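Asker: 217 is the number that our numbering gives to position 237 of the sequence shown; each next residue is one higher, with no gaps. Quick one: the structure is below, and I'll ask about it shortly.
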Amino acid sequence: SYVNTIHTEEGGTHLIGFKSALTRAINDYAKKNKLIKEQDEGLSGDDVREGLCAVISIKMKEPQFEGQTKSKLGNSEIKGIVDSVVSEELQTFFDENPSIARKIIDKALLASKARDAARKAKELVRRKGGLDDLGGLCGKLADCSEKDPKKCELFIVEGDSAGGSAKQGRDRKFQAILPLRGKILNVEKSRLDKILANNEIKALLSSLGCGIDGEEDFDINKLRYHKIIIMTDADIDGSHIRTLLLTLFYRYLRTLIVEGYVYIAKPPLYCLRKKDKEHYFYSEDEKNKFIAQMKDGFVLQRYKGLGEMNPEQLWKTTMDPEKRVMLMVSIEDAYEAERIFSLLMGEKVEPRKKFIIENAKDVVNLDI
-19 SYVNTIHTEE
-9 GGTHLIGFKS
1 ALTRAINDYA
11 KKNKLIKEQD
21 EGLSGDDVRE
31 GLCAVISIKM
41 KEPQFEGQTK
51 SKLGNSEIKG
61 IVDSVVSEEL
71 QTFFDENPSI
81 ARKIIDKALL
91 ASKARDAARK
101 AKELVRRKGG
111 LDDLGGLCGK
121 LADCSEKDPK
131 KCELFIVEGD
141 SAGGSAKQGR
151 DRKFQAILPL
161 RGKILNVEKS
171 RLDKILANNE
181 IKALLSSLGC
191 GIDGEEDFDI
201 NKLRYHKIII
211 MTDADIDGSH
221 IRTLLLTLFY
231 RYLRTLIVEG
241 YVYIAKPPLY
251 CLRKKDKEHY
261 FYSEDEKNKF
271 IAQMKDGFVL
281 QRYKGLGEMN
291 PEQLWKTTMD
301 PEKRVMLMVS
311 IEDAYEAERI
321 FSLLMGEKVE
331 PRKKFIIENA
341 KDVVNLDI
């Protein structure tokens, strides 16, 4: 918004007048043309402005600016003037362009429904006193006995098979296991109400206990685990599930990443057995270098799934704090992270295709 070409970053009475006129003009037209019921409350300002870009520029004598930076217009009479002018012009525009008016109102109605659905869905996952709010959904969580979040770990694993091995192999005192069935919802392509209605995401949010980042009920102090470890298979499906989970954390639980609470487990890719000894390798190079020094008489196993390990092996290779290999998820460049997430998980296919073509040459291991 501008006053006499001066950028009013904090808005002011001219912006208030514009917002008021926009909301009223859209509601008046919608009710007049029976697009919303007369007795309904009508569309809120947030609903009609969602996705809107507008520039307000006025010229006046003796503007009075407020705020520490003098970037907010304070003249009280301007609100009514802008409101009146904008309201009259919008009404004329809507009457002359009914198809455009209908599209604007349809979008606002959709925003209103999504906002209402998201509010109702959030009530279902809002955690106030424990895991009981979601009833049986959190029955899949095998919790730990320790109550100090700083000492607690939550392993998010894919499927009942890996979940069974993890539950048996863990240290029950401080390690909790949450098995997920299949791939979770792609939050990059979904509305918040749909996200919060997803059973797997509900169970995860309820288990974490801190709420959704950016919402008024988010409380990092209610987080029940200070190590949240994504433990998926070392194949293409496991990579996809891991990416979906990271997208969820990045979009709706970003503070947990910033605070250093989110980790990726690195299960071994290979197990080499010779006589009574077992050697585990976490990379192709590591395995090849070791084999080059070996004589015959060994058996090499490629792990494609965590379910292929027995509980003792899973503990020894992936869950034991003394021996395991983990990567802490960090956001060193938030802009670049957001760009990549949107590119790989968003609606647009062409940028994703271009990214794959440009980076295909760098792929070392490919599961087919």
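By construction, the Cβ of each residue, glycine as well, lies at the ideal position given by its N, Cα and C atoms. Everything numeric in this text was worked out from a predicted model, so none of it was measured.
Should the stretch 225 to 233 be regarded as contacting the stretch 299 to 307, the criterion being three or more beta carbon pairs within less than 8 Å?
Answerer: No, because fewer than three Cβ pairs between the stretch 225 to 233 and the stretch 299 to 307 fall closer than 8 Å, the two stretches do not touch.
Asker: Return the residue from the list ILE38, ALA34 and ASN55 that minimises the CA-CA distance to GLN44.
Answerer: Translated into the one-based positions of the sequence shown, residue 44 becomes position 64. If we check each option's Cα against that of GLN44, ASN55 comes out closest.
Asker: Work out the CA separation of PRO291 and ARG253 for me, nearest whole Å.
Answerer: Counting from 1 along the sequence shown, the entry for residue 253 is found at position 273. Counting from 1 along the sequence shown, the entry for residue 291 is found at position 311. One C-alpha to the other measures close to 17 Å.
Asker: Do the CB positions of PHE135 and GLN148 come within less than 8 Å of each other?
Answerer: Numbered from 1 along the sequence shown, position 155 holds the residue referred to as residue 135. Numbered from 1 along the sequence shown, position 168 holds the residue referred to as residue 148. No.
Asker: Just to check my reading of the structure: ASP215 and LYS267 have Cβ atoms closer than 8 Å, yes? What is that Cβ distance to the nearest angstrom?
Answerer: As a position in the sequence shown, residue 215 is number 235, starting the count at 1. As a position in the sequence shown, residue 267 is number 287, starting the count at 1. Contact doesn't hold; Cβ gap of about 16 Å is too wide.
Asker: Who are the Cβ neighbours of SER51 in its own chain at under 6 Å, not counting the five residues just before and after it?
Answerer: For this step, residue 51 is matched to residue 71 along the sequence shown. THR(-12), GLU(-11) and GLU(-10).
Asker: For LYS120, which residues of its own chain have a beta-carbon under 7 Å away from its beta-carbon, when the five flanking residues on both sides are left out?
Answerer: In the sequence shown, residue 120 corresponds to position 140, counting from 1. LEU158, PRO159 and ALA183, listed in sequence order.
Asker: Classify GLY(-8) as helix, strand or coil using the three-state DSSP reduction.
Answerer: Translated into the one-based positions of the sequence shown, residue -8 becomes position 12. In the structure shown, GLY(-8) sits in a strand (DSSP, three-state: E or B).
Asker: Apply the 10 Å Cβ neighbour rule to SER186 and answer buried if 16 or more other Cβ atoms are within range, or exposed otherwise.
Answerer: Here the question's residue 186 lines up with position 206 in the sequence shown. With 16 or more Cβ atoms within 10 Å of its Cβ, SER186 is classed as buried.
Asker: Hey, quick one: how far does the alpha helix (DSSP H) through HIS220 stretch, first residue to last?
Answerer: Translated into the one-based positions of the sequence shown, residue 220 becomes position 240. From DSSP, the alpha helix (DSSP H) with HIS220 extends over 216 to 232.
Asker: By the DSSP assignment, the alpha helix (DSSP H) with LYS174 in it spans what residues?
Answerer: Position 194 of the sequence shown holds residue 174. First-last of the alpha helix (DSSP H) with LYS174: 172 to 177.
Asker: Could you please give the first and the last residue of the uninterrupted beta strand (DSSP E) stretch that includes GLU138?
Answerer: Here residue 138 is taken as the residue at index 158 of the sequence shown, counted from 1. 133 to 138 is the extent of the beta strand (DSSP E) around GLU138.
Asker: Among LYS153, CYS33, ASN201 and ASP217, which has the Cα closest to the Cα of GLY189?
Answerer: On the sequence shown, residue 189 is found 209 positions in, with the first residue counted as 1. The residue with the shortest Cα to Cα distance from GLY189 is ASN201.
Asker: For TYR9, name the three-state secondary structure that DSSP assigns.
Answerer: Position 29 of the sequence shown holds residue 9. Helix.
Asker: Pull up the distance between the alpha-carbon of ASN(-16) and that of LEU(-5), whole angstroms please.
Answerer: On the sequence shown, position 4 is the one that residue -16 refers to. On the sequence shown, position 15 is the one that residue -5 refers to. Computed Cα separation, rounded: 14 Å.
Asker: Can at least three beta-carbon pairs, one atom from the stretch 120 to 131 and one from the stretch 88 to 100, be found at a separation below 8 Å?
Answerer: As far as the Cβ criterion goes, the stretch 120 to 131 does not touch the stretch 88 to 100, which means the pair count is below three.
Asker: Give the DSSP bridge partners of TYR260, in chain order.
Answerer: Here residue 260 refers to the residue found at position 280 of the sequence shown. In the DSSP output, where bridge partners are listed per residue, TYR260 has CYS251.
Asker: Could you check where the alpha helix (DSSP H) with ILE209 kicks off and where it finishes?
Answerer: Here residue 209 refers to the residue found at position 229 when the sequence shown is read from its first residue. That residue, ILE209, is in no alpha helix (DSSP H); its beta strand (DSSP E) goes 207 to 211.
Asker: Does the distance from the CB of LEU32 to the CB of ASN7 come in under 8 Å?
Answerer: Walking along the sequence shown from the start, residue 32 turns up at place 52. Walking along the sequence shown from the start, residue 7 turns up at place 27. The answer is no: Cβ separation not under 8 Å.
Asker: Can you tell me where the alpha helix (DSSP H) with ILE61 in it begins and where it stops?
Answerer: Sequence index remark: in the sequence shown, residue 61 carries index 81 (1-based). Per DSSP, ILE61 belongs to the alpha helix (DSSP H) from 56 to 76.
Asker: Report all residues from its chain with a CB closer than 8 Å to the CB of TYR250; omit the five preceding and five following residues, and keep chain order.
Answerer: For the purposes of this step, residue 250 is taken as residue 270 along the sequence shown, with counting starting at 1. Excluding sequence neighbours, TYR250 sits near TYR260, PHE261, LYS267, LEU280, GLN281, ARG282 and TYR283.
Asker: Are MET308 and ILE209 closer than 8 Å when you measure CB to CB?
Answerer: On the sequence shown, residue 308 is found 328 positions in, with the first residue counted as 1. On the sequence shown, residue 209 is found 229 positions in, with the first residue counted as 1. No; because the gap between Cβ atoms is not below 8 Å, this pair is not in contact.
Asker: Quick one, are the C-beta atoms of ALA94 and ASP173 less than 8 Å apart?
Answerer: Locating residue 94 in the sequence shown gives position 114, counting from the first residue. Locating residue 173 in the sequence shown gives position 193, counting from the first residue. In contact: ALA94 and ASP173 (Cβ atoms closer than 8 Å).
Asker: At the level of alpha carbons, what is the spacing between ASP34 and LYS11?
Answerer: For the purposes of this step, residue 34 is taken as the residue at position 54 of the sequence shown. For the purposes of this step, residue 11 is taken as the residue at position 31 of the sequence shown. Correcting the residue identity first, residue 34 is Ala in this sequence and not Asp. Roughly 24 Å separates the two Cα atoms.
Asker: In this structure, does DSSP put PRO159 in helix, strand or coil?
Answerer: Counting from 1 along the sequence shown, the entry for residue 159 is found at position 179. Strand, per DSSP.
Asker: Report, in whole angstroms, the separation of the C-beta atoms of ALA81 and GLY287, which I expect to be a contact under 8 Å.
Answerer: Your numbering for residue 81 matches position 101 in the sequence shown. Your numbering for residue 287 matches position 307 in the sequence shown. Between GLY287 and ALA81 the Cβ distance is about 57 Å, and since that is not below 8 Å, they are no contact.
Asker: Going by beta carbon distance, what residues of the same chain come within less than 7 Å of GLY25, once the five residues before and after it are set aside?
Answerer: Mapped onto the sequence shown, residue 25 falls at position 45. Result list for GLY25: LYS(-1) and THR3, in chain order.
Asker: Would the beta-carbon of LEU228 fall within 8 Å of that of ILE164?
Answerer: To locate residue 228, count along the sequence shown from 1; it is residue 248. To locate residue 164, count along the sequence shown from 1; it is residue 184. Cβ distance < 8 Å, so LEU228 and ILE164 count as in contact.
Asker: Under 8 Å, do GLU138 and THR223 count as touching if we go by C-beta distance?
Answerer: Translated into positions along the sequence shown, residue 138 becomes position 158. Translated into positions along the sequence shown, residue 223 becomes position 243. No.
Asker: Where does ARG204 sit, in a helix, a strand or coil, going by DSSP?
Answerer: Walking along the sequence shown from the start, residue 204 turns up at place 224. ARG204 falls in the coil class under three-state DSSP.
Asker: Taking only the alpha-carbon atoms, compute the straight-line gap between GLN293 and ALA146 and give it to the nearest angstrom.
Answerer: On the sequence shown, position 313 is the one that residue 293 refers to. On the sequence shown, position 166 is the one that residue 146 refers to. Going by the C-alpha atoms only, they are around 10 Å apart.
Asker: Which of the three DSSP states is assigned to GLU42 in this structure?
Answerer: One-based indexing of the sequence shown puts residue 42 at position 62. It is coil, neither helix nor strand.
Asker: Quick check on SER187: does DSSP put it in helix, strand or coil?
Answerer: Counted from its first residue, the sequence shown places residue 187 at position 207. Looking at SER187 - three-state DSSP - the assignment turns out to be helix.
Asker: When you compare the CB positions of GLY349 and ILE61, do they come within less than 8 Å of one another, or not?
Answerer: Only positions -19 to 348 of the chain appear in this structure, which leaves residue 349 out of reach.
Asker: Starting from ARG282, trace the beta strand (DSSP E) in both directions and tell me its first and last residue.
Answerer: Against the sequence shown, residue 282 aligns to sequence position 302. Start and end: 279 to 282.
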